[in-house]
Amino acid sequence: MTAKTKTETSQTTEKLADKAHEAVDSAAEKVTHAEEKLRDAAAQGQDVLTAVSSYVKENPLTALGLAFAAGTIFSSLTRRR
Numbered sequence: 538m539t540a541k542t543k544t545e546t547s548q549t550t551e552k553l554a555d556k557a558h559e560a561v562d563s564a565a566e567k568v569t570h571a572e573e574k575l576r577d578a579a580a581q582g583q584d585v586l587t588a589v590s591s592y593v594k595e596n597p598l599t600a601l602g603l604a605f606a607a608g609t610i611f612s613s614l615t616r617r618r
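Residues 538 to 618 (the working numbering) make up the sequence shown, in order.
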């Protein structure tokens, strides 16, 4: 291999390494953003679960009635005729 070929190969390798680093950095940035959104959604879901649990403990008969009504409506909407 000539000195020129070695230099060209080295430059090509450096360019490919730079592109690979850019791709990894971009992917890491996107994953970090997605993780933040997922954590926010999980926190909101936990808040809703806590609120529903408190409501059911404070109003068990009302919660039972609502569940029955929702089940009846769902059943009538999905029943095949």
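Heads up, the beta-carbon is just placed ideally off N, CA and C, and yes, glycines get one too.
Which class does residue i belong to by DSSP, given the choice of helix, strand or coil?
i, result
"R616", "coil"
Given this structure, state the Cα-to-Cα distance separating residue i from residue j, to the nearest angstrom.
i, j, result
"V568", "A557", "16 Å"
"K574", "T546", "42 Å"
"A571", "T542", "43 Å"
"S590", "A565", "37 Å"
Excluding five sequence neighbours on each side, which residues of the same chain lie with their C-beta closer than 8 Å to the C-beta of residue i?
i, result
"V593", "A600"
Given residue i, which residues of its chain have a CB within under 6 Å of its CB, disregarding the five upstream and five downstream residues?
i, result
"Q548", "none"
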